[in-house]
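Below: one structure, written as structure tokens.
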Amino acid sequence: MHNHTPKPASAHKSPPLKGNARVPGDKSISHRSFMFGGLASSETRVTGLLEGEDVLATGRAMQAMGAQIRKEGDTWIINGTGNGCLLEPEEPFDFGNAGTGARLTMGLVGTYDMKTTFTGDASLTKRPMGRVLDPLRQMGVQVEAAEGDRCPITLRGPRTANPISYRVPMASAQVKSAVLLAGLNTPGITTVIEPIMTRDHTEKMLSGFGAKIEIEEDADGTRHIHIHGQGELRGRTIEVPGDPSSAGFPLVAALIVPGSDIIIENALMNPTRTGLITTLQEMGGQIDIINMRDAGGEDVADLHVRASDLKGIVVPPDRAPSMIDEYPVLAVAAAFAEGETYMDGLDELRVKESDRLAAVARGLKANGVECHEGEMSLTVKGVPGGKGLGAVSAQAVVETHLDHRIAMAFLVMGMASEKAVHIDDATMIATSFPEFMDLMRGLGADIQVSE
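Each residue of the sequence shown is one higher than the last, beginning at 1 in UniProt numbering.
Pasting the structure below:
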């Protein structure tokens, strides 16, 4: 089912990028819209949903457990089962490439007295799920899994789950969210202790759906998030803002392609997600945040981006949680900056769709960029103007390892490097950003895909 024919692609030095771009809906909010809408006791209406493979897999999982989901025009309409009323699915859940969907759904269904099985593609079956399964075990969930807690995984929920207090051992919004979702169907109060704040969409959206959730912060910034189990969730109307991780690709492209001047519309500006913008501004990137507004409890703005002379900086490691998915494209920006850029605190990149840290370093070297990969760090020595950068030989092709962000980051690189940049496969870009090719070409990018 997951055998696909790779489609190699190449990006060539492009003319100045011009125009307006609207990136697809935020992936994190889209996943949660299907989940919380599917649990609510009344109708939820969603516009701007990211219709990538990952999110649609979450929608199919909710449908398999009794939620009714349909699309009318641009609006997704979800009639939920009511909290606590999900049905046991007849088939295993196939999450394809979607680590977020799989991990969050494990939390959501784990505390139900039923059996659920999770599977996915070659990339997903390599990714560790133990970080989510460990707290679920504490709540009484039985786990049957492959070695190393990898998919396929079967969960057997307890008659009644135990509420727990769980300190998240790494900065991971997925682990935090999985425990909070497990707490929805657990009597009493489930608490997540988060030493380093990560993206907070779960807390914001659960509150918006009517869950009773309380957040306390210690003097040292540690957050204590308490969720009261077995409450009612009520449907709501959601307008999904543009995904800041997807916005990173046209954003960096406009900074490094000389003469570019673009506007990225409707970008999510939640402070837990804007690390890339802050970093690029510190590097000298001309990014003006305009038309700031509120959309369903989230900050949204337009970004006016112009080509800029970037300078290398040291990126603070404590910024990593707010931009963990954006390091591949930041590394590409660093390749065109004057001097060295040093990025640290990148251990989470080792367990993404691929070992992203290793994949980025190999891709940079294949295109003539000097870089050093540490255990949790990456140092990139930039070449202003991209002179000499691009494929170092006819055989120099970036291995994407089925990772959409590696694929898009290196296509952005090819738009500004002297020589073309080639990637081995572009098909998986559809998991998070199906419109990427059309959007970038619409701004003027020279990208070619082998059919």
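Even glycine gets a Cβ: it sits at the ideal position worked out from N, Cα and C. None of the values given here were measured: they were computed from a predicted structure.
Check	Outcome
Simplified DSSP assignment, three categories, for Lys212	coil
Alpha-carbon spacing of Gly444 relative to His12, whole angstroms	11 Å
Exposed unless 16 or more other CB atoms sit within 10 angstroms - verdict on Ser393	exposed
For Leu181, three-class secondary structure by DSSP	helix
Chain-order list of residues whose beta-carbon lies under 8 Å from that of Asp121 (same chain, five-residue window excluded)	His2, Gly96, Asn97, Leu402
Entirely enclosed beta strand (DSSP E) segments - the stretch 404 to 437, minimum 3 residues	421 to 423
Rounded straight-line distance, which links the Cα of Ile29 to that of Ile69	17 Å
Per-residue DSSP class, three states only, for Pro321	helix
C-alpha distance - Ala57 paired with Gln142, whole-angstrom precision	24 Å
Between the CA atoms of Ile238 and Ser42 - distance to the nearest angstrom	14 Å
Close beta carbons around Glu72, own chain, < 8 Å, minus the five adjacent residues each side	none
Residue range of the unbroken alpha helix (DSSP H) whose run includes Glu239	Taken as a continuous stretch (DSSP letters only), Glu239 belongs to no alpha helix (DSSP H), being part of the beta strand (DSSP E) at 237 to 239.
Unbroken beta strand (DSSP E) run spanning Glu265, endpoints	261 to 268
Cβ-based neighbour list, Thr105, same chain, cut-off 6 Å, excluding 5 preceding and 5 following	Ala61
DSSP-derived helix/strand/coil call for Gln68	strand
Residue(s) in a DSSP beta bridge with Asp302	Ile290
Backbone secondary structure at Gly25 - three-state DSSP	strand
Backbone secondary structure at Thr279 - three-state DSSP	helix
Between the CA atoms of Asp218 and Gly442 - distance to the nearest angstrom	48 Å
Proximity winner among Thr154, Val55, Gly221, Thr274, relative to residue 459 (alpha-carbon distances)	Nothing in the structure corresponds to residue 459, since the chain is present only between 1 and 451.
Helix, strand or coil at Met1 [DSSP, three-state]	Because Met1 carries a pLDDT of 40, less than 50, the predicted location of this residue cannot be relied on, and no value is offered for it.
First through last residue of the alpha helix (DSSP H) which encompasses Thr198	Note, Thr198: premise wrong, no alpha helix (DSSP H); not H, not E.
Cβ-Cβ distance between Ile290 and Ile277 below 8 Å	no
Extent of the continuous alpha helix (DSSP H) run through Tyr327	327 to 335
Between the CA atoms of Ile225 and Ile213 - distance to the nearest angstrom	7 Å
DSSP three-state assignment for Asp220, whether helix, strand or coil	coil
For Ile256, the nearest candidate out of Leu310, Pro321, Asn79, Gln63 (CA to CA)	Leu310
Inter-residue spacing [alpha-carbon to alpha-carbon] between Ala9 and Gln448	6 Å
Nearest to Ala295 (by Cα), restricted to the options Gly48, Lys18, Leu17	Gly48
Contact check, Arg32 vs His228, beta carbons under 8 Å	no
Pro317 versus Asp302 - alpha carbon distance	27 Å
C-beta contact flag for Gly368 and Glu338 at 8 Å	no
Exposure label - Gln174; buried when at least 16 CB within 10 Å	buried
Under the three-state DSSP convention, the category Arg156 falls into	strand
Beta-carbon gap between Ala333 and Met283 smaller than 8 Å	yes
Distance, Trp76 Cα to Val46 Cα	5 Å
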